[in-house]
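Take the sequence shown: its position 170, counting from 1, is numbered 157 in the working numbering, and each next residue is one higher.
The C-beta atom is built at its ideal place from N, Cα and C for all residues, glycine as well.
Bear in mind that the values here come from a model prediction, so they are computed numbers and not experimental data.
Notes for the one structure printed next.
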Amino acid sequence: MHHVRYSKIKIALLIAFLLLVIAVLINNIAKIIFPLKYTDLIVKYSNENKIDPYLVFAIIKAESGFDPNARSHKNAIGLMQITEKTGKWGAESLNIKDFKTSDLYDPEINIKIGCWYINTLLKEFNNNEDLAIAAYNGGSGNVNSWLKDSKYSSSGADLDKIPFKETERYLKRVKNYRAIYKKIYE
């Protein structure tokens, strides 16, 4: 009788150990898939702009997968995929001297301008993060026109529907990535 109980205890301990190993592996794999790269820069510039650093991590993950040399088919550049126009506007607003478009490949300049731009969009859209994220991808002009169109916004303050599938998917992806970052690292 003791032998059977002893075997059950051994099996229970083995199962508990295996579950612990699996939990540790899953957490480590999650940290590889959702890394905290450029943390000092992201924390610095997200704090300066009063935005959640996890939102910045999520946007960088969605935009470039943390590749500082990324360049899109629309010529968006760097970690946060900043366009030349937005880069020049941000550099001027932030008093970045002698700015060149190629400076957007520099992680610090890219993150500094990207965080400023997120903050600018949040101000434009009354701190509505969904609208700011949609505008980051689809353009603030488009988001503003969608808000005025009853096909997309019944209230004029929120979007019921996003007509650009890419922007709709982008918003969901960034929100999911942010939730995952918070779950892993908070």
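Residue 100 carries a helical assignment under DSSP once its states are collapsed to helix, strand and coil. Residue 46 is positioned such that its CB atom lies no closer than 9 Å to that of residue 24. Under the DSSP assignment, residue 53 falls outside any alpha helix (DSSP H); it carries neither an H nor an E label. Pairwise C-beta distances place the segment 133 to 142 out of contact with the segment 21 to 36, as fewer than three of them are shorter than 8 Å. Within the same chain, 121, 124, 125 come within 7 Å of residue 154 by CB-CB distance, once the 5 residues on both sides are set aside. In this structure residue 66 touches residue 51 by the C-beta definition: roughly 5 Å separates them, less than 8 Å. Residue 64 holds the alpha-carbon nearest to the alpha-carbon of residue 89 among 19, 64, 103.
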